[in-house]
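*Asks:*
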Amino acid sequence: MNSVKDMVKDNQKVVFIRFKENELWYRTECGFEFPVPVEDTGSATFLAEDKAMLFMRYIRKHIAFLEKAKAEASR
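Okay, here's the thing in structure tokens:
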């Protein structure tokens, strides 16, 4: 898995891929998929394609979630 920094550097983009269970799912250029909870969107506009830098918070959050799940599964 690439680091967050690698996923957002050089004006990389994210693209919207699906809406499921109150989450907007996006994919980075390297193929990493992550959710954006609708409850976090407020009155913001979420585009079909946008700068990955704007999604760092959600990318980090999902990486932490996956790492925690992996650690728990290996116990």
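Okay, so the sequence shown: first residue is 39 according to this note's numbering, each after it adds one. The beta carbon of each residue, even a glycine, is placed where N, CA and C say it ideally should be.
1. From which residue to which residue does the beta strand (DSSP E) around ARG113 run?
2. Taking just the CA atoms, how far does GLN50 sit from GLY69?
3. Is the stretch 80-87 close to the stretch 96-106, with three or more CB pairs under 8 Å?
4. Please give me, in chain order, every unbroken run of the beta strand (DSSP E) with length at least 3 that falls completely inside the stretch 56-88.
5. State the Cα-Cα distance for the pair VAL74 and LEU104, rounded to the nearest angstrom.
*Replies:* Taking the structure as given:
1. From DSSP, ARG113 is part of no beta strand (DSSP E); its letter is neither H nor E.
2. Whole-angstrom Cα-Cα distance: 12 Å.
3. no
4. 61-66 and 71-75
5. 15 Å
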